[in-house]
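Engineer: Chains as they are written, first to last, in our numbering: chain A, 1 to 319; chain B, 1 to 293. Every residue gets a Cβ at the ideal spot worked out from N, C-alpha and C, and that includes glycine.
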């Protein structure tokens, strides 16, 4: 009896499979069912968050469903520009860090060009490992390193006091006149070595005959570096630049949250940390959502327009 | 000719010296953390160490480990790293395999909605609300579940699978093996190199992540090492401050700065040990990634 039942089930499933295949151009039902949990996962963990944007348009009160919230329209978006709002500060800082990052973008490329000139061997490998290591530690650890060096009791401070440049210990992390440059340099320190390795992989792909031919033509080292190496990595540099420009608004939460203190607050507050402070810190969920939403929409528009521009200029799309 | 040769070696000397200095800037901060953590805290506070610990001692570590919270946090971080990586690798690989199958209905569409997730960023608050509504706040699953599928990882594995000769897979299918069996028995073993790369990226990521913990997990038993380090650094933890103060009054054996150095070293050491060993896997990852672009 049981057997008949199961064979009956199997034949029902078989019929479903056949009609599915007919409908979807010979596709397999089993396969499609197997992928379903993954699709549901993507919707649940990525797309559902977009649904959270609706909270920017209501007066959020905890413990109620979305439909019981009071609709307020663009109230919280107007609040961004209300007098006394810190949004313009956070917006300005986000842009400044974005631009400084773009200004610093040739550094890893140049580093790779000079790395490629090192004699192949152990030394070059060690340098690569050492310089790319900071890319794989957290910003919390970077902060810890800075704390050990730049705080009042830190090494840097102590050295400057001992050679008489500073009269007393001084906390560089609480000096807002150096914040922009310090944070940018830290960003370079953390990622330049790793980005250089990406460029190195492009350099490794250059045909060695090019160098030989250039040498026969009497090109010196600088000529070869400029005309062959640098020109070969330009396309990669361009891709990276486009990605960086489209990420102009994406100043990360981690870096600017860990380095935040009340003395430098006006220089390290970026949109991501601001949204956190308003939304979770102060519990103003709707206002915080509006901040994040503004940032996301600007970045996505930026991404697509920059990509379109790049496509027009070079004929190939970056994303 | 001789002049040219001298030029070249001159360049080499300057270039090498430059990179030694650069290497120093990258490596010394970490070295300094280590020697500071091993120094006698009173001596180190008077005059910071340069190359060797001042008054070599394990007292700072002894004090740190006596507190106990660091061991718990280390275990939490270790569990999320191991479990999270296993889940990410398995799910991303399985999804990538299914996406390579031509008989999958709406294959292009599914791939499209996956790729879009790379550019989707709703912001912190929607993330916070949605995870909380799933009951993931104060829940260990928050650490390992949302990262199960990474679009970038899926793309890497998919590219890799597509480079395998299809004959291997077809032979298994003719033998009557289902998709899951083919995936486990044929695809996974062949993909081992790329899976290793992804595992290593994912593991470093898991080890370094603390924001999920910070936003949504208040349970002290689930605190990760990174967040604990941040709390030590910011000295937000009031029990910590009073503990250190009493320790200072009692014995003078440790200082807040020495403790910060110690916990930093504990947090950093696993990455420091793993990274040089597996660097080639990291590099392999970006090479395959750039093929796609």
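1. Against chain A, with Cβ distances strictly below 8 Å, would residue 12/B count as a contact?
2. Give me the Cα-Cα distance between residue 211/B and residue 196/B, rounded to the nearest whole angstrom.
3. Could you give the distance in angstroms between the alpha-carbon of residue 198/B and the alpha-carbon of residue 192/B?
4. If we cut at 8 Å on Cβ distances, does residue 254/A have a partner in chain B?
5. Mind listing, in chain order, the continuous alpha helix (DSSP H) runs of no fewer than 4 residues lying wholly within the segment 28-53 of chain B?
6. Which residues in chain B sit within 9 Å of residue 50/A, going by Cβ to Cβ distance?
7. Find the nearest neighbour of residue 255/A within the set 130/A, 138/A, 148/A and 205/A, judged by alpha-carbon distance.
8. Assign residue 320/A to one of two classes, buried (16 or more other C-beta atoms within 10 Å of its C-beta) or exposed (fewer than that).
9. Taking its Cβ as the centre, do 16 or more other Cβ atoms sit within 10 Å of residue 18/A, making it buried, or is it exposed?
10. Is there at least one Cβ from chain B nearer than 8 Å to residue 86/A's Cβ?
11. Find out if the Cβ-Cβ distance for the pair residue 174/A, residue 264/A is shorter than 8 Å.
12. To be precise: take each residue of the segment 129-157 of chain B, compare its Cβ to all Cβ atoms of chain A, and keep it if any distance is under 7 Å. Which residues remain?
13. Alpha carbons only, please: which of 15/A, 177/A, 108/A and 159/A is nearest the one belonging to residue 169/A?
14. Would residue 208/A count as contacting chain B if we go by Cβ distances under 8 Å?
15. Can you check whether the C-beta of residue 240/A is within less than 8 Å of a C-beta belonging to chain B?
16. Whose CA, out of 12/B, 161/B, 55/B and 202/B, lies closest to the CA of residue 271/B?
17. Taking only runs of the alpha helix (DSSP H) that begin and end inside the segment 116-152 of chain B, which ones reach a length of at least 4 residues, in chain order?
18. Can you tell me whether residue 163/B is buried or exposed? The criterion is at least 16 other CB atoms within 10 Å of its CB, across all chains shown.
19. Determine whether the Cβ of residue 264/B lies closer than 8 Å to any Cβ atom of chain A.
20. Taking 8 Å as the cut-off, decide whether the C-beta atoms of residue 60/B and residue 254/B are in contact.
21. Can you pull out the residues from the segment 286-315 of chain A whose beta carbon lies closer than 8 Å to at least one beta carbon of chain B?
22. Just mark residue 189/B as buried or exposed, buried being the case when its beta carbon has 16 or more other beta carbons within 10 Å.
23. Consider the Cβ of residue 179/B: report whether some Cβ of chain A lies at a distance smaller than 8 Å.
24. Going by other Cβ atoms of all chains shown within 10 Å of its Cβ, with 16 needed for buried, is residue 74/A buried or exposed?
25. Report the CB separation of residue 110/B from residue 113/A in whole angstroms; it is logged as a contact under 8 Å.
26. Can you list the residues of chain A that residue 95/B reaches, using a CB-CB cut of under 8 Å?
27. Would you say residue 156/B and residue 113/B are within 8 Å of each other, going by their C-beta atoms?
28. Can you list, in chain order, the residues of its chain whose CB lies under 7 Å from that of residue 236/B, leaving out five sequence neighbours each side?
29. What residue from 272/A, 314/A, 225/A and 317/A has the CA that sits closest to residue 322/A's CA?
30. When Cβ atoms are compared, which residues of the segment 144-157 of chain A fall closer than 7 Å to chain B?
31. Using a cut-off of 7 Å between C-beta atoms, extract the partners of residue 131/A located in chain B.
32. Going along chain B, which residues have a C-beta under 8 Å from residue 30/A?
33. If you reduce the DSSP assignment to three classes, tell me which class residue 15/B lands in.
34. Can you tell me the Cα-Cα spacing of residue 253/A and residue 277/A, whole angstroms?
35. Looking at the C-beta of residue 173/B, does it have a partner C-beta in chain A at a distance below 8 Å?
36. With 7 Å as the limit, tell me which residues of the segment 200-232 of chain B have their beta carbon closer than that to any beta carbon of chain A; keep them in chain order.
Structural biologist: The answer reads as follows:
1. yes
2. 25 Å
3. 10 Å
4. yes
5. 41-46
6. 120, 122 and 126
7. 138/A
8. Coverage of chain A is limited to positions 1 through 319, which leaves residue 320/A absent and any answer about it impossible.
9. exposed
10. no
11. yes
12. 129, 130, 146, 148 and 149
13. 159/A
14. no
15. no
16. 202/B
17. 124-133 and 141-144
18. exposed
19. yes
20. yes
21. 288, 289, 291, 292, 293, 295, 296, 299, 300 and 303
22. exposed
23. yes
24. exposed
25. Between residue 113/A and residue 110/B the Cβ distance is about 41 Å, and since that is not below 8 Å, they are no contact.
26. 35 and 38
27. no
28. With a pLDDT of only 49 at residue 236/B, under the threshold of 50, the placement of this residue in the model should not be trusted; the figure read from the coordinates follows. Excluding residues within five positions, none has a Cβ falling inside 7 Å.
29. Any question about residue 322/A goes unanswered here, given that chain A covers just 1 to 319.
30. 144, 145, 147, 148, 149, 153 and 155
31. 22, 23 and 26
32. 178 and 179
33. helix
34. 11 Å
35. no
36. 204, 208, 210, 211, 215, 226, 229 and 230
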